[in-house]
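Q:
In UniProt numbering, the protein residues as written are 1 to 255.
(1) Counting only runs of 3+ residues fully inside the region 53-140, write out the beta strand (DSSP E) ranges in chain order.
(2) Closest by CA to residue 195, which one among 219, 206, 213, 178?
(3) If you run the structure through DSSP and keep just helix, strand and coil, what is residue 46?
(4) Taking the CB atoms as reference points, tell me whether residue 95 and residue 62 lie closer together than 9 Å.
(5) Between the alpha carbons of residue 188 and residue 38, how many angstroms are there, rounded?
(6) Since residue 21 sits in a beta bridge, which residues does DSSP pair it with?
(7) Closer than 9 Å, CB to CB, is residue 147 near chain B or not?
(8) From 59, 152, 150, 159, pick the residue whose C-alpha is nearest to that of residue 140; which is it?
(9) Within 10 Å of its beta-carbon, does residue 66 have 16 or more other beta-carbons around it, so buried, or fewer, so exposed?
(10) Which term fits residue 42, buried or exposed, when burial requires 16 or more other beta carbons within 10 angstroms of its beta carbon?
(11) To the nearest angstrom, report how far apart residue 263 and residue 82 are at their CA atoms.
(12) List the whole-angstrom C-beta distance separating residue 35 from residue 79, where the pair is believed to meet the contact cut-off of C-beta under 8 Å.
(13) To which residues does DSSP link residue 11 through a beta bridge?
(14) Helix, strand or coil for residue 16? Go by DSSP, reduced to three states.
(15) Which residues in the same chain as residue 118 place their Cβ atom closer than 8 Å to its Cβ, once the five residues preceding and following it in sequence are excluded?
(16) According to the Cβ coordinates, are residue 202 and residue 133 closer than 9 Å?
(17) Measure how close the beta-carbons of residue 234 and residue 212 come, nearest whole angstrom, since I'm counting them as under 8 Å.
(18) Using the Cα positions of residue 97 and residue 73, report the straight-line distance between them to the nearest angstrom.
(19) Please report the residue range of the beta strand (DSSP E) in which residue 38 lies.
(20) What would DSSP say about residue 195, mapped onto helix, strand or coil?
(21) Do you know whose CA, among 209, 250, 131, lies nearest residue 240's CA?
(22) Considering Cα atoms alone, identify which of 221, 91, 18, 157 is closest to residue 59.
(23) Please list, in chain order, all residues of the same chain as residue 214 whose beta carbon is under 6 Å from its beta carbon, the five residues on each side excluded.
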């Protein structure tokens, strides 16, 4: 299959939830699109209009979704693949390029397609802004879901990052199918980071029901997190000032 038209694929981030945090660049490209592809809740955020086809699909079919987008673009359609937050942070941008790599040999025309990634405000940054500046120094972002990597690797990364003294932001911390893993994560963090280290649970960030809770790691409970929660753990220098949490820009020499 070759690209005989002027089709393109744009992978766009819709931000963490509030429509006010969708960039104008993303709004403009959605207005140009003939087709929208994405996970059901994200596609529901796009207003229907004449000339626009919405392709909503279930979770865990990211590569199939990406392949469909590339196929339609090769037919000359203008396709926007939507993600929440930023599409490059545990989202659809990687899936599109994975599908491109997997399908390019059979569909060499795909390599000539215009593919763009438009950034969005990810939940990690929205949550950090809501509580102050907990990511003000070096930090790591970790997806706690073991759907695409073994839990043993997640445990190792938690241990090493905690020992390295980095703040951390956790996506997908606790689901109904794996309720006990986050309890284990908290155990590792207490040992690696210290029980006094602050942890913040930001649920439904930027949405009307937003909830923020900051406690020391010693007081953190697994039930404080679910799949709608973004979790931020500070480093040993992270502190509270009034209603805010921040991590200083400097770091102590612990050598």
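Backbone N, C-alpha and C fix where the C-beta goes; we use that ideal spot for every residue, glycine too.
A: Taking the geometry as given:
(1) 53-57, 78-83, 114-118
(2) 219
(3) coil
(4) yes
(5) 35 Å
(6) Bridge partners of residue 21: none, in fact.
(7) Although the question refers to chain B, the structure presented lacks it and comprises just one protein chain.
(8) 159
(9) buried
(10) buried
(11) Absent from the structure is residue 263, since the part of the chain shown begins at 1 and ends at 255.
(12) 5 Å
(13) 81, 117
(14) coil
(15) 10, 11, 12, 13, 23, 25, 26, 29, 87
(16) no
(17) Their Cβ separation, rounded to whole angstroms, is 14 Å, which puts residue 234 and residue 212 out of contact at 8 Å.
(18) 14 Å
(19) 35-39
(20) coil
(21) 131
(22) 91
(23) 198, 200, 245
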